[in-house]
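Take the position in the sequence shown, starting the count at 1, then add 51; the result is the number in our numbering.
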Amino acid sequence: MEPVVPNHHAHHPGFRGRAGFAAAKRFLEVGPDASVGCDLTDVGPGDHVIDIGSGPGVAAREAVRRGATALAVDPASVMIRVGRARNDHPDITWRQGTAEAVPSEDASATVVWSMATVHHWQNIDEGLAEVRRILKPGGRFLATERHLRGDGTDATDHGWTEGQAGSFMASCREHGFENVTLDYGEASRGKLLCVLANQP
Ligand SMILES: C[S@@+](CC[C@H](N)C(=O)[O-])C[C@H]1O[C@@H](n2cnc3c(N)ncnc32)[C@H](O)[C@@H]1O
């Protein structure tokens, strides 16, 4: 039976030390699903994007390239350090934080992303409450995950099954998001499941 828990890697010990540095460099090379995310949320001038679990900030960099400003948030100091060294830009602010405690004011973002990261969130309800808090009215929320071929139970299963995406969508609706939909994308990581939702 397929697991429906969308944060099945909540107990990952976190990225740090040499292994964390290697992971940050890998995320730079693979890149996040930056173009897919920007396209699906129609990011452009006038937008302020908060990227939750930004890693080394490849998506934040793409957002500012398209004229937005961005706040890159990640709990791992090594991700912020590599991001500042490789993807810095005057329109990107870097802060250490988590989905469950986003270091930003209420109603401060027009777009919130969490790319390849929800499967690591410690607490889905707390994370979604934070997304509701920081989004402006009408703001766009996007969560992308690699579309898993396996059943989402293995330690190497970084991503979601359709069941896990469906469970996350149900939580989005319970938290009061509107227009919760599932889209499919293709990026360097392979096929993506993309959950889109709007702040009322
Ligand atoms: C697979 S990486 C994805 C990084 C980047 N978004 C990308 O697409 O390349 C997952 C990221 O989530 C971060 N993360 C882990 N737990 C988190 C949490 N509770 N809240 C926010 N980010 C978290 C990790 O530190 C890591 O940088």
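By construction, the Cβ of each residue, glycine as well, lies at the ideal position given by its N, Cα and C atoms.
Assignment of Thr92 by DSSP, reduced to helix, strand and coil, places it in the helix class.
With 16 or more other Cβ atoms inside 10 Å of its own Cβ, Thr212 counts as buried. Distance from the C-beta of Val182 to the nearest heavy atom of ligand 1 is not below 8 Å. Residues Leu122 of the same chain have their beta carbon placed closer than 6 Å to that of Thr144, with the five preceding and five following residues left out of the count. With contacts defined by Cβ atoms closer than 9 Å, Asp84 and Ser239 form a contacting pair. Taking all protein chains in view, the Cβ of Pro57 is crowded by 16 or more other Cβ atoms within 10 Å, so the residue is classified as buried. Under the criterion of beta carbons closer than 8 Å, Leu243 and Arg197 qualify as touching, at roughly 6 Å.
For Asp102, the Cβ falls inside the 8 Å cut-off from some heavy atom of ligand 1. Sequence-distant partners of Thr232 (beyond 5 residues in either direction) whose C-beta falls short of 7 Å from its own C-beta, in its chain, are Leu247.
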